[in-house]
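To keep things clear, I will list the structure first and then write my remarks on it.
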Amino acid sequence: MCAPTDEIVASTGNQDVLVRKLDLASLSSVREFSKHILESELRLDVLINNAGVAGIDKIMTEDNLVLGMQANHFAPFLLTNLLAGLLRDSAPSRIVNVSSLLHKYCKLDLENLNCEKSFNKTDVYSVSKLNNILMTSELSRRLKGTGVTANSLHPGVIKTEIMRQMPALMLAVTNFFMGIFAKDAVEGAQTTIYLAVSEEVEGLTGKYFADCKEVTPSAAARDEGLAKKLWEKSEELVKLKPQEMQL
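In this note's numbering, each residue's number is its place in the sequence shown (first place is 1) plus 524.
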């Protein structure tokens, strides 16, 4: 077993734990991961898109996508598409997308989705979190009547390593305030867990939550037309193949 597996088994007592490697900076890794899941698993009850990065410079991946946007939006978008068939076959099932309150402080320009015109590391994170909510909204419409629900959330300000790529001085200041005001990882996971397993949200879809309560996201995040256009642009940029289109 690897270290994450050992830690989970030790804390839960559950021996039935399997860890699979997935590199969100590589769409080929996403496709390979999905292939293994589809070949080895009979069911998929919950898909949680949680991993992400923040505060990093403009780094282009092997897929010619900006790393921050790929890890936070394009890769989860592709992963969800590839696993949608198994989720439908396993219904009732759930998709949970971890967004952020910062989605409110940006504007989505579809012509600059991959930073073709300009780049700002703060904007990349905020826009990617807006994209998470828009993707969830479009998912809920495309999966209507299938028994698969899709919801997004703001987990709160959490002391994690997501900002580890920031300059040292800025990171030190951030960590100081995080230590005073931020939630720890267990506290920060509660809304994600709630949406993944709670009977209270059974059948509820297309909603946005914070602190285990439904809240209203920004006006842009509620724009159905924008969500549809983002979906189509994302299909283009991840080069979604006809046989991969399950939504």
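Ideal Cβ positions, reconstructed from N, Cα and C, are used throughout, including at glycine.
Here the structure is a predicted model, which is why all the values come from computation and not from measurement.
Alpha carbon of Leu611 to alpha carbon of Asp747, nearest angstrom: Between the C-alpha atoms of Leu611 and Asp747 there is a straight-line separation of about 26 Å.
Opening and closing residue of the beta strand (DSSP E) in which Ala578 lies: From DSSP, Ala578 is part of no beta strand (DSSP E); its letter is neither H nor E.
Under the three-state DSSP convention, the category Thr670 falls into: DSSP places Thr670 in coil when its eight states are reduced to three.
Proximity winner among Ala615, Met659, Asn656 and Tyr732, relative to Val570 (alpha-carbon distances): Per the Cα distances, Ala615.
Beta-bridge pairing of His678 - partner residues as DSSP gives them: As a beta-bridge residue in DSSP terms, His678 pairs with Ala734.
Where the beta strand (DSSP E) through Val620 begins and ends: Element bounds for Val620: Ser617 to Val622.
Distance between Asn538 and Phe643 (C-alpha atoms, nearest Å): C-alpha separation (whole angstroms): 44 Å.
Helix, strand or coil at Leu571 according to DSSP, with G and I counted as helix: Strand.
Extent of the continuous alpha helix (DSSP H) to which Gln714 belongs: First-last of the alpha helix (DSSP H) with Gln714: Gln714 to Val721.
Contact between the segment 650 to 667 and the segment 711 to 723 (3+ Cβ pairs under 8 Å): Between the segment 650 to 667 and the segment 711 to 723, the count of Cβ pairs shorter than 8 Å is below three; the stretches do not touch.
Which of helix, strand or coil DSSP assigns to Val590: Strand.
Rounded Cβ spacing between Ala773 and Leu548 (contact assumed at less than 8 Å): Given a span of 525 to 771 for the chain in the structure shown, any question on residue 773 remains unanswerable.
Three-way DSSP call (helix, strand, coil) for Val739 in this model: It is a strand residue.
Beta-carbon spacing of Leu663, Phe733 below 7 Å: Against a cut-off of 7 Å, the Cβ pair of Phe733 and Leu663 comes out as no contact.
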